[in-house]
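Using my numbering, the first residue of the sequence shown is number 71, and each one after it goes up by one.
We put the CB at the ideal spot given by N, CA and C, even for glycine.
Contents: one structure, followed by commentary.
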Amino acid sequence: MLWISRERSEHDVGCGAGGRRGTGSRAALGSVLGGLLLSSAAVGATAVASTVPSGSPTSTERGLEARQDDFDDLEALLAEERAAADDLRRRGRWSEAETALRVLIDDAREEGEDDWRSRAVLARLDLDRGEQEAALAGALAVLEGAPDDLARKAGGPDPELTRAATVRLEALFELGRTDELATELARITELGFEPGRSAQVDRAAGALMIEAGERAAGEARLASAVRAASSAGTGWLDLVAGGRAARASGELSTAADLFVRASRDAGREPQILTELADLYLEADGEVASEAAAARNPGPLLREARQRNPNSERTLLSLIELYRLNWRRSLLESDDLVRELLDVRPRSIDGLLAAAQGELLLGNLAEAREHVARAAELAPERRAVRAFQASLAAVGGDPAAARPLLDELAAQDPSDSGPERQVGTHLVDLYRFTEGRSLLEAAVERDPDDYRAWTALGRARANTGDVEGGRAALERAESTAALRQDAVRSNLSRVLAIVDEQFVEYTDGELTFAWRERGADVLELYLVPFYAAARVELSERYGYSTGPVRIEVFDRHADFSVRSTGFEGFPALGVCFGPVVTAVSPLSSLKGQFSWARTGYHEFTHVVHLGLSHNKCPRWVTEGLATWEEVRKNPSWTRNMRQDLVDARANGTIFPVRELNAAFRGPRVIFGYYQGGLLCDMLIARYGFGSMLELLARFDEGADLDTALVGVFERTPEQLDVEFAEYVDEHLAEVRLEPTWDIARLASRWLTLPRTAPTEAREREVWEQRWLDLGFAAWQADRRADAEEALRVIGALADQGSVPPRALFLRSQLALGDGDMKRGTALLERFVEAGGEDFRARLALAELSRAAGKLEDTERHLLAAEAAFPGHPDAALAAELALGRLLEELGRLDDAMAARARWTRYNADDLPVRMDLARWHASKDRHAEAARLYEEANDIDPFLRILHLEWGRSLERTGRYAEALREVEAWERVLRFERSNPPAAGAPAGVELEKFEEAEVEVLRARALFGLGREVEAREATARAVELAPDALRVRRLVEEFGA
C-alpha cells in the first residue's frame, strides 16, 4: 500500500481518518460509478470564439469595428495556438509544447506585449516536468503581471490566472513549503480567489493547508472546492478539481458524479481517465464482482498512459495498482518507477515510490538514497518525513522512528497516516510484532482509519491472534464506508473459517490449527515432526523459538488467501515468523507433494526470522531454508538443473545485488533454487558459522554490502564471480543443450564475424557461438536462420572437419523433416565424434527401441542418465525409461535400482516410492523399506495400506513402538475413510476384508510381543485367529508365540 502518490498523499493528509466522512450507500455509489464507463468521445481543445458586435455603426465606428475585428481575430488565433500547445502538454509532448509556447511568448515580447497567458501554461508545463522552482517563479510572474480583477470577473476567474494560482499552490505542496502558506493565501485572496471562486484553487489551497497542519480550515476549503465545482457551467478542469476534493474528503459518490460530468465535457482526457481509475481502485479495491469488473482501473490507466506516457499521476497510479496485488507484475511496477524518474527526475512521489520498492526488497542503502534525494527537494514534506521514520524503524529499532512520528503528530494530532505507513512497512517486511504496536497507535489516534485497521488485522493474525485479527478487519469494514477491499474481504472470510471451523492442538510451544476432518491423522505425524524440527534447528542455530502457531489448510485457495490475501499463490507453505501456514496433505494436491519438506522449510524460517528479527534479505532466508531441505533429505533438492543450464547460457542468473527481485516476479521458484545454491557455496567455502554471523549482521541493521564485506570480505559483485565458477562446477557433469532465449542473442547476428579466425582456439569459440545462434533459431522455428548458422561455419554439409555439435543440430533438422534414417545417422555420428547430450541420447534410445535394438536402447539410456541424472520430468527421466525396459527384460532388480536412483533427485513421487519400498521388503531389506515408506508417508499419510506395510518393516527392524504407531495410524485412516466417502454418491463406510483386519492384528501382536507386553499381544493374536485363522501370517504368529 502506498502513502506516496500525489493524490494518495493529499488524501491521507486530508483525511487522516482513512475516509471517515463517507456518504451514501455502497449501492448508491455503484449506481453512480456504473455511469462512468466512458464512451469514445472526441478529445481536443475548444477554440475561443470571437464576438461580433450588433447594430448599425457610423463610419468612425466601422473603422473602430474593423480594428476590433482584427484584434479579436488575432486574440482568437493566439488562443487557439495556446490551446494547441496545452493539448501537446497534456499528451506528454513536452518539448513540442515548450517550443510552441516560447514562440508565442517571444512574438508577443517583440510586439511589446506580455503573453502572460502562455507563460501560465508554461508554468504548468514546468510543474508537469518536475521543475518546481521554475514553475513557482513562472506562476508568480503571471500573478504579479496579469491585469487586475481577472479573478473577480462575472463569468468566473480567468482560466490562465486560475492556472497560475493553482500551480503555485501545488508546487508548494509538492515541496512541502508550508511556511509560505500564509503569504500565498494572502496573495490569492488579494487577487480575488476567495473561497468558492475556483474549485481548482480551493482544492490546491485546501491540500496545502492540511499539509501545514491546519486541518479544519483545509477541510473547509476542500468543501468550497466541491461546492464551486458542483455549480452549473463549470469547466472540466474545475470538475476534476472538485472530484479530487470530494474524494479527499471521503465523498466518493460526489467525486464520481463530478468526474462523470468532466468526462462528458472533455472526453477521454488522460487526467480524467486516471482520476476515474483511482476512484475505481479506492471504491472496489480489486474485489472480484461483476460491477467491479466493468470498472477495472487497469485498462483506464493503460489508456491514460498511452495518451500521455509522461504523466506522473498516471505512472504513480499504475505503480500502486501493480503493488496492491501480487498477482499483477510487481517487476513491472519497478520498471514504471524507473520510467517515471527518467522523465521526471525531481518527482518527490516518484522517489518515494522507488524507495518503497527498494525497502520491500530489503535494499536499505538504495532506499535511503532515494529518500535522501527526496529530502533534498522537499525536506519538510510530511510524506518524506514519514518515510524517513519508516527507514529509521526498518533499519533498526522501531523506537528510533518515534521522535519523527512525534514531530508529525504535534503538527497534526489527528493524522494517523505516518504511524500507519511505518507500521504497514514493517508488516510488509514480516515484522508483525513491531508493526502491530505502531498500527495500534494509529487506530488510537484515528479510530476511523480503515486502512490502519486492515493492516492491523494482518499484523494480529500473523502474530497468532486470529480473533483479534478478525475484530480489526471487521472494524476496517465498518469504517471504510463505501470502499471495498479484496484483501480485507478475503482475509476476513478465511480467518472466520480458522476461528470457527478449525480445531486446535497444543504441544508445548507449538499450537496446531486444522479442520476436524482428518485431524487425528495429522496430529499423529505433523505434531512430532514439527516438534523434532524445532529441537534440531534450535540446537544448530543456537536459538530457541517462542510460541509458534501452525495453521494447516485443506483448501489451497484458503491457504493462499490466508498467506497473501488472494487466491492462486503458487506455494505450499508460508512463514510469518511466529505463524506458519501450510497446505494439508488432504488438499486437492493430495499425494503430489511432501508436506514434511514444506514443513521443514517453513520452520527453518521461524528460526532465521527470529535470529535476524526479519531484517535479512529474502534470498538469505529462502536460500538457507532450501539448503536445510537438502541437508535434511537429499531427495528434497529443488531439481532445477535444467533451468540453471538455461540461465547460465542466456546470462539470466540473478546478480546477488538483484536476487531479492526474483521473489517478486515470474521466476520466483528459480529464486529459491539460486538462493539455495548460493548458500550452499557460501557454507562450503566459508563454513556454516559464516551464515550465523551474516544473520547477526543483518539483525544489527547492516545493509547488503556492509554485511557481505564484513563476513566474507566480498562485495556482491565479487560473489557474482565466485558463484559463476560454482555454477560451472555444479553443472560440470551435465550434458544438455540449453533452451536459448533468441531475443537475447539478437545482436549477435549482427556483430559476430562471418569469417573464421585463423587461430585454432579462437576458431573453436567462434564456431560454438554460431552454433548457439543455430540452436536458438531452430528452437524458435526459424529453420532458415539455423541453416545459415551452419553454412557460415561450413557445417551445413560434410565438408572437412565438422564440430560434433553441428552434427546434432543437423540431426534435429533432419528429424524435423521426417527423415528418420538420416537423422539417426547424424545422431550416431554426433556420439561417435565425442558429442554428448541428454536429449540426443533419449532420441537414440527411442529410435533403437523402435528398431528392436534393446541392447542399444539400454546403452543409450544409461548414457542419458549420465548426461542428466534424475531429470525432474518423469516423461523424460532416463532412469524411469530404463526401469520400464529392464522390467520388460525380466531384470526386476536392475529396474528397481534404476528407479531408486531417480528418487534421489525427486521427492514427490508416491507410486515409485511405494513400489521401491515393497521391493526392498520382499528382499528382507526392511530398514531401506522403512525409509521409503516414511518418505511415502511424508507425501500422503492418508494411504491406509501404507501404514500396514510400513508397520511390518518397522517391526522386522525391531522398532516396535513405531510399528504400534502405524497400527494406530491404520485405524485412524480407516475411521477417516468411513466418515469421508471418496466421492459424492459413494456408499458410506468402507468395505473391509477380514483378511486385512487380521493382518493388522498380527502386526499389533508382534509389536506388543517385541515390547514385552504379552497379555495385550495374546489378545491381539486371538483377534487375528478369529478374523482369519487360515491366513499365512496368522498361522506363523501362532506357531512362533502360541495361541
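Which of helix, strand or coil does DSSP assign to residue i?
i, result
"threonine 707", "coil"
"glutamate 807", "coil"
"threonine 828", "coil"
"valine 872", "coil"
"arginine 983", "helix"
"aspartate 485", "coil"
"isoleucine 620", "strand"
"tyrosine 1030", "helix"
"glutamate 477", "helix"
"leucine 650", "For clarity, residue 650 is valine in the given sequence; the question names leucine instead. Strand at valine 650."
"phenylalanine 572", "strand"
"glycine 669", "helix"
"histidine 495", "helix"
"isoleucine 812", "coil"
"glycine 100", "Only weak support is given to the placement of glycine 100: the predicted model assigns it a pLDDT of 46, under 50, and the value that follows is read from those uncertain coordinates. Correct three-state label for glycine 100: helix."
"arginine 852", "coil"
"aspartate 716", "helix"
"aspartate 963", "helix"
"threonine 674", "helix"
"leucine 952", "helix"
"alanine 865", "coil"
"threonine 93", "Only weak support exists for where threonine 93 lies, its pLDDT of 38 falling under 50; the coordinates are left without a value."
Quick one: is residue i buried, meaning 16 or more other Cβ sit within 10 Å of its Cβ, or exposed?
i, result
"isoleucine 1117", "The structure shown has nothing for residue 1117, since the chain only spans 71 to 1113."
"phenylalanine 1065", "exposed"
"lysine 223", "exposed"
"lysine 685", "buried"
"glutamine 838", "exposed"
"isoleucine 342", "buried"
"arginine 755", "exposed"
"isoleucine 389", "buried"
"arginine 619", "buried"
"methionine 966", "buried"
"glutamate 928", "buried"
"glycine 105", "Interpretation of glycine 105 is limited by its pLDDT of 43, a score under 50 that renders its predicted location unreliable; no figure is taken from the coordinates."
Here's a check: name, in chain order, each residue in its chain whose Cβ is nearer than 6 Å to the Cβ of residue i, leaving out the five neighbours to either side.
i, result
"alanine 546", "Tyr520, Trp523, Thr524 and Arg558"
"leucine 912", "Ala934"
"arginine 1076", "Glu1025"
"alanine 274", "Thr236, Leu239 and Glu240"
"serine 682", "Leu765, Phe768 and Asp769"
"methionine 984", "Ala1006"
"tyrosine 350", "Arg365 and Pro367"
"glycine 246", "Ala448, Glu450 and Arg451"
"glutamate 373", "Leu343"
Tell me which same chain residues have a C-beta within less than 7 Å of the C-beta of residue i, skipping the five on either side of it?
i, result
"serine 101", "In this predicted model, serine 101 has a pLDDT of only 43, less than 50, meaning its place in the structure is not dependable; the value taken from the coordinates is given anyway. None."
"arginine 187", "Arg152 and Glu230"
"threonine 674", "Leu607, Leu694, Ala695 and Glu698"
"arginine 708", "Thr696, Tyr742, Tyr743 and Gly746"
"arginine 1103", "Glu1069 and Val1072"
Quick one: what's got a C-beta closer than 8 Å to residue i's C-beta in the same chain, skipping five residues either side?
i, result
"alanine 601", "Asp577, Gly578 and Leu580"
"cysteine 85", "Per-residue confidence for cysteine 85 stands at a pLDDT of 38, beneath the threshold of 50, marking its modelled position as unreliable; no derived number is given."
"serine 633", "Phe639, Ala641, Val644 and Thr651"
Name the DSSP bridge partner or partners of residue i?
i, result
"glutamate 644", "A quick correction: the sequence has valine, not glutamate, at residue 644. Thr651."
At 4 residues or longer, what runs of the alpha helix (DSSP H) sit wholly inside the region 166–204? 186–198
Going along the chain, which unbroken runs of the beta strand (DSSP E) with 3 or more residues stay wholly within the region 507–560? none
Give, in chain order, every unbroken run of the alpha helix (DSSP H) that is at least 4 residues long and sits entirely within the region 724–772. 738–756 and 758–769
Which ranges would you report for the alpha helix (DSSP H) in the region 201–243 if only whole runs of at least 4 residues count? 202–215
Please give the ranges of any alpha helix (DSSP H) in the region 405–491, keeping only runs that are unbroken, at least 4 residues long and fully inside the region. 418–430, 434–447, 452–465 and 472–481
In chain order, which beta strand (DSSP E) runs of at least 3 residues are fully inside the region 576–639? 580–585 and 618–623
Any beta strand (DSSP E) of 3 or more consecutive residues that is wholly inside the region 261–293: none
Quick one: complete alpha helix (DSSP H) runs, 4+ long, within the region 317–342? 322–336
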